[in-house]
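**Q**
Chains as they are written, first to last, in my numbering: chain A, 3 to 298; chain B, 761 to 1059.
Here's what the structure looks like:
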């Protein structure tokens, strides 16, 4: 068939135009802005070199946000995947209502982080408090999202509740692709349930783990919606002699630098660093997991 | 995902240790299911209470379920936030964005698969590579850029339907092109050649032969993009603004929650209304939604 190049070009044009206008141009403009004194108000923008980049590393808030984002991501990688894996075992077990369970575990994932964050704010600040006080549980006598040392765990808990069902589905698809005869053979050879899972199932699911760990890593690192509506960065605490917000993850730190403080160029510089970190972390993760896949 | 398979007992569970094992499994499964559903249940219970009842007895059953309608009416009548308007705007934005994303992405993906020139490969690689760019790194420049472009062409892009739909096309098309590209690659070329021999032009071949074949992949594309767009918060916040003429559901819920005094009766009822369409959709199209979301991520 003779193809006409201009017809192809016409077919590509709408997507290419939107793509260039919405992602490519802003991306490169953004890199330029990160090296200026852009404040969002003054139309005159001048070059300041790398000042925005060097400045952020002496800010207690940025350093704390960076650390707390790493912690939050690490907790989520473990928690979401362990819970998601256990749920997938339940969803592929002989339990009678397994199809209902599967749908139920998946539902939180369909609701946006903003709406879920407000719901959980109510659960932490009112419901759990009420339950804790009436049952006399000291652990729940003050809200878990009002204390700097528990707030990240509370956020990870909500994230696990929201995301584990999605990860479960990927595991379920992987488990179902493994031939039953392998499991039956191991069973005949006398391997018990836990042996079959640890020695056969998990190694055979190496490919799925690469995907799920990648997904939990990137979504946790980029977390914004839940952070915004559940804690809005709070509560306040002191760090390096300054008052900072103890649950302000990197994505939210970028947002508040620009929005609350009107320091657009600095926010943009943080976003560029955020982008580089994200790419480096995910490349390292995929590299490590791929090597494991080969070994398995 | 294979169908039918879920109905049989898979082999990993193997032979359980008799009845106790089965009872433990059933009980544990059901309790876990209840735990996962509790937040939704509590939202539903408290949507039928007054603000006072919510604070003093958040886990009690409501005394009068009809209060749920009173709360809904209060939300609809609220002078500062036009909730019904936001609902309609969310629907318009989601539907229009899905329409342009699926049509243009399919056209683009098809042209990129079938065109063997080098520039087509380069464009495809650019789409794939751009998927790693997080929203945070383009969001502020995008707003300023939209303002500049809007002023130049004298068609405002900020605060308008077409502006946000155009933005969603930009953000949504790279993944959609990627998914559709993978599918179109496997459509036999002979099919299209036969159409050409029968006298179909290149454009007609696409619309009459290729497009109908893409239906199953469209479901994936629609679900992945639809759920994202319906729930999205930051892009509408930046493009539409929190007090703009056009609003979306997440923005409206935020404006209820953002007021100085926490009015939980209104916040929880508005959250319930925001969740309702997705949950109803999920009940009816569960299989497609799960398939779409899982397939989209694995690719």
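Built from N, CA and C at the ideal position, the CB exists for glycine as well.
None of these values were measured; they are calculated from a predicted model.
Hey, does residue 227 of chain A have any beta-carbon neighbour from chain B nearer than 8 Å?
**A** yes
**Q** For a quick check, are the C-beta atoms of residue 892 of chain B and residue 28 of chain A less than 8 Å apart?
**A** no
**Q** Hey, would you say residue 113 of chain A sits closer than 8 Å to residue 1035 of chain B, going by beta carbons?
**A** It is a contact, given that the beta carbons lie within the stated cut-off.
**Q** So, with DSSP's three-state summary, where would you put residue 244 of chain A?
**A** strand
**Q** For residue 963 of chain B, does the count of other Cβ atoms within 10 angstroms reach 16, so buried, or fall short, so exposed?
**A** exposed
**Q** Got a sec: which bits of the region 906 to 932 of chain B sit with their beta carbon under 8 Å from any beta carbon on chain A, in order along the chain?
**A** Shown in chain order are the members of the region 906 to 932 of chain B whose Cβ falls below 8 Å from a Cβ of chain A: 909, 926, 927, 929, 930, 931.
**Q** Along the region 93 to 109 of chain A, what residues have a CB closer than 9 Å to any CB found in chain B?
**A** In summary, the residues of the region 93 to 109 of chain A whose CB is separated from some CB of chain B by less than 9 Å are 93, 94, 95, 96, 97, 98, 99, 100, 101, 102, 103, 104, 105, 106, 107, 108, 109, in the order they occur in the chain.
**Q** Is residue 231 of chain A closer than 8 Å to residue 119 of chain A when the C-beta atoms are compared?
**A** Closer than 8 Å, so yes.
**Q** Determine which residues share a DSSP beta bridge with residue 49 of chain A and list them.
**A** Partner(s): A:38.
**Q** For residue 268 of chain A, count the other beta carbons within 10 Å of its own beta carbon; 16 or more makes it buried, fewer makes it exposed. Which is it?
**A** buried
**Q** Short of 9 Å Cβ to Cβ, which residues in the region 798 to 813 of chain B face chain A?
**A** Listed by position along the chain: 798, 799, 800, 802, 803, 806.
**Q** List, in chain order, every chain B residue whose beta-carbon is nearer than 8 Å to that of residue 201 of chain A.
**A** Per Cβ cutoff of 8 Å: no residues; residue 201 of chain A is ~12 Å from chain B at best.
**Q** Over what stretch of residues does the alpha helix (DSSP H) that includes residue 164 of chain A continue unbroken?
**A** In the DSSP assignment, residue 164 of chain A falls within the unbroken alpha helix (DSSP H) covering 153 to 178.
**Q** Exposed or buried, residue 809 of chain B, counting other C-beta atoms within 10 Å across all chains shown (16 or more means buried)?
**A** Residue 809 of chain B should be labelled buried.
**Q** How far does the alpha helix (DSSP H) with residue 112 of chain A in it reach, from first residue to last?
**A** Where residue 112 of chain A is concerned, there is no enclosing alpha helix (DSSP H), given that its DSSP letter is neither H nor E.
**Q** What did DSSP end up calling residue 891 of chain B once you bin it into helix, strand or coil?
**A** coil
**Q** My guess is that residue 103 of chain A and residue 222 of chain A are in contact by the Cβ rule of under 8 Å, so how many angstroms apart are they, rounded?
**A** That pair is no contact at about 25 Å.
**Q** For residue 239 of chain A, which three-state DSSP category applies?
**A** strand
**Q** Along the chain, where does the alpha helix (DSSP H) that runs through residue 221 of chain A open and close?
**A** That run of the alpha helix (DSSP H) goes 208 to 223.
**Q** Does residue 810 of chain B come out as helix, strand or coil in the three-state DSSP assignment?
**A** coil
**Q** Should residue 48 of chain A go down as buried or exposed, given a rule of 16 or more other Cβ atoms within 10 Å for buried?
**A** Under a 10 Å Cβ-count criterion, residue 48 of chain A is classified as exposed, with fewer than 16 other Cβ atoms of the shown protein chains found around its own Cβ.
**Q** In whole angstroms, what is the alpha-carbon distance linking residue 1011 of chain B and residue 19 of chain A?
**A** Computed Cα separation, rounded: 28 Å.
**Q** For a contact defined as C-beta to C-beta under 7 Å, what are the partners of residue 28 of chain A on chain B?
**A** 898, 901, 902, 905
**Q** Indicate the three-state DSSP secondary structure (helix, strand or coil) for residue 858 of chain B in the structure shown.
**A** DSSP places residue 858 of chain B in helix when its eight states are reduced to three.
**Q** Taking only the alpha-carbon atoms, compute the straight-line gap between residue 128 of chain A and residue 270 of chain A and give it to the nearest angstrom.
**A** 37 Å
**Q** Closer than 9 Å by beta-carbon distance: list the chain A residues that pair up with residue 991 of chain B, in chain order.
**A** The contacting residues are 112, 113, 114, 115, 116, 117, 227.
**Q** DSSP on residue 233 of chain A, reduced to helix/strand/coil?
**A** coil
**Q** How is residue 1029 of chain B classed by DSSP in three states: helix, strand or coil?
**A** helix
**Q** Taking Cβ-Cβ distances shorter than 7 Å, what residues in chain A pair up with residue 786 of chain B?
**A** By Cβ distance, chain A contributes 97, 98.
**Q** Please state if the CB of residue 843 of chain B and the CB of residue 835 of chain B are separated by a distance shorter than 8 Å.
**A** Contact flag set, yes.
**Q** Using CA atoms only, rank isn't needed, just tell me which of B:950, B:977, B:976 is closest to residue 965 of chain B.
**A** B:950
**Q** Output the distance between the C-alpha atoms of residue 872 of chain B and residue 986 of chain B, rounded to the nearest integer angstrom.
**A** 24 Å
**Q** Which residue wins for smallest C-alpha separation from residue 790 of chain B, given the options A:21, A:89, A:42?
**A** A:89
**Q** Within a Cβ cutoff of 7 Å, which residues of the same chain sit near residue 256 of chain A, ignoring the five residues on either side of it in sequence?
**A** For residue 256 of chain A, where only same-chain residues beyond five positions count, the Cβ hits under 7 Å are 269, 272, 273, 276.
**Q** Around the Cβ of residue 959 of chain B, are there at least 16 other Cβ atoms within 10 angstroms (buried) or fewer (exposed)?
**A** Under this definition residue 959 of chain B is an exposed residue.
**Q** Alpha carbon to alpha carbon, how far is residue 912 of chain B from residue 904 of chain B? Give it in angstroms, no decimals.
**A** Residue 904 of chain B and residue 912 of chain B have their C-alpha atoms some 12 Å from each other.
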